[in-house]
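With mature numbering (1 follows the signal peptide of the UniProt record, and there is no 0) as the guide, the letters of the sequence shown map in order to residues -20 to -1, 1 to 291.
Note that CB positions come from ideal geometry on N, CA and C, so glycine has one too.
Step one of this worksheet: look at the structure below.
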Amino acid sequence: MQLVVLAVLYAVSVLPGTLALQLPRKAGGMSEPPWEQAQDYLKRFYPSDSKSRDPNSLEVELKQMQKFFRLPITGTLSSHIIEIMQKPRCGVPDVAEYSLFPDRPKWTSKVVTYRIVSYTRDLPHVIVNQLVAKAFNMWSKEIPLSFKRVSWGIADIMIGFARGAHGDPNPFDGPGNTLAHAFAPGPGLGGDAHFDEDERWTDGSSIGINFLYVATHELGHSLGLDHSSDPNAVMYPTYEEGDSKNFKLAQDDINGIQKLYGNIYDFHISNISLRHCLLWVGLNEKGWERGIYLEKHTGTFISKSLLRGEI
Ligand SMILES: [Ca+2]
Ligand SMILES: [Ca+2]
Ligand SMILES: [Zn+2]
Ligand SMILES: [Zn+2]
């Protein structure tokens, strides 16, 4: 109890006059001192490159967080923001200055390889394989990029489960809080996705963290997407249990990934010959719509009969 009191005094001295803080209580008892927890959270997820400011003042980071979560930008802690801080989430920071995302890196080859290097004890291997393939498919059906699983050697995207320190600069933190993290496209660690083995992973048939949700989110990072502040987006940083039957990308995710890679129709157009291009340009609006319909329903857009105007 003494620790808690000290932490509150410290908090008051850090932000004089701004903390009319009601200590939030978790069900079942007092949580970790909220300000200490908030400092830790802000340092991890809103890293700042400013060395000149008082390192104990996290007002700027708090404001960034409030902006990201679309809350009133007050620079003061509220029980609502503490609630958000206590939600399980992705380990990738929420700000664009994150050191691995500066130049909007992306994969430049049309086929990207992945390998599942280690598995969780919570799910059969075959289920993990299926869910990873499903997560990749969520993205690949929107962009001109395909994914190929390999069983050995170095793949572009190495996927694995690990607990605690696991060979990169971001050790996991035990059960809860950070669930997983992934690196933006690039060599070496670039693109790799790691899942905290201290979580209880599920395919949706039991209690736990839904692996498909988290994998789809992390693979979004592996492809070059940053966090979204749209609460409906798969790229939103906190984990929310949802309706697993209707799980899909939000329009915001699709917009983001297509900004990086273009959409699947552009790819087909850029890959057909000049002669076809001329035919293409000559198509009437109806033909265009049919082309899109065909693409969506059969996956074969450049249909000869379409180009001849027979359908
Ligand atoms: Ca964790
Ligand atoms: Ca890699
Ligand atoms: Zn994330
Ligand atoms: Zn890692």
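{"Asked": "Can you check which of these residues, LEU229, ALA135, ILE62 and SER126, is closest to GLU16 by C-alpha distance?", "Found": "ILE62"}
{"Asked": "Taking one C-beta from the region 164 to 179 and one from the region 83 to 90 each time, how about it: are there three or more such pairs within less than 8 Å?", "Found": "yes"}
{"Asked": "Go ahead and label PRO211 buried or exposed: buried means 16 or more other beta carbons lie within 10 angstroms of its beta carbon, across all protein chains shown.", "Found": "exposed"}
{"Asked": "By a C-beta neighbour count over all protein chains shown, 10 Å radius and 16 as the cutoff for buried, is TRP181 buried or exposed?", "Found": "buried"}
{"Asked": "Given that a residue counts as buried once 16 or more other Cβ atoms are within 10 Å of its Cβ, and exposed if not, what is ALA173?", "Found": "buried"}
{"Asked": "Assuming GLY200 and LEU240 are in contact, meaning their beta carbons sit under 8 Å apart, how far apart are those beta carbons, in whole angstroms?", "Found": "Their Cβ separation, rounded to whole angstroms, is 10 Å, which puts GLY200 and LEU240 out of contact at 8 Å."}
{"Asked": "Take HIS105 and list the residues in its own chain whose beta-carbon comes closer than 7 Å to its own, dropping the five residues that flank it on each side.", "Found": "TYR99"}
{"Asked": "Which full runs of the alpha helix (DSSP H) of 4+ residues lie inside the region 30 to 71, going along the chain?", "Found": "39 to 48 and 59 to 65"}
{"Asked": "Check whether the Cβ of HIS201 lies closer than 6 Å to any heavy atom of ligand 4, and answer yes or no.", "Found": "no"}
{"Asked": "Taking only the alpha-carbon atoms, compute the straight-line gap between LEU3 and GLN19 and give it to the nearest angstrom.", "Found": "With a pLDDT of 33 at LEU3, under the threshold of 50, the modelled position of that residue is not reliable, and the figure given next carries that caveat. Each residue's Cα considered, the two are about 15 Å apart."}
{"Asked": "What is the DSSP secondary structure of LEU111, counted as helix, strand or coil?", "Found": "helix"}
{"Asked": "Start and end of the alpha helix (DSSP H) containing LYS225?", "Found": "Counting along the chain, LYS225 falls outside any alpha helix (DSSP H), and DSSP gives it neither H nor E."}
{"Asked": "Which stretch, first to last residue, makes up the alpha helix (DSSP H) that contains TYR21?", "Found": "14 to 25"}
{"Asked": "For ILE234, which of ASN117, ASP136 and GLY222 has the nearest alpha-carbon?", "Found": "ASN117"}
{"Asked": "Looking at ASP153 and ligand 1, is the gap between the Cβ and the nearest heavy atom below 6 Å?", "Found": "yes"}
{"Asked": "To the nearest angstrom, report how far apart ALA230 and ASP176 are at their CA atoms.", "Found": "25 Å"}
{"Asked": "Taking DSSP as the reference, what is the three-state secondary structure of TRP181?", "Found": "strand"}
{"Asked": "What span of residues does the alpha helix (DSSP H) with VAL97 cover, start to end?", "Found": "Looking at the DSSP string, VAL97 is not in any alpha helix (DSSP H), and its letter there is neither H nor E."}
{"Asked": "According to DSSP, what are the bridge partners of GLU128?", "Found": "As written in the sequence, residue 128 is Lys, which differs from the Glu given in the question. Answer is THR93."}
{"Asked": "Pick helix, strand or coil for residue 294, following the three-state DSSP scheme.", "Found": "Outside the shown range of the chain, which is -20 to 291, sits residue 294, and nothing can be said about it."}
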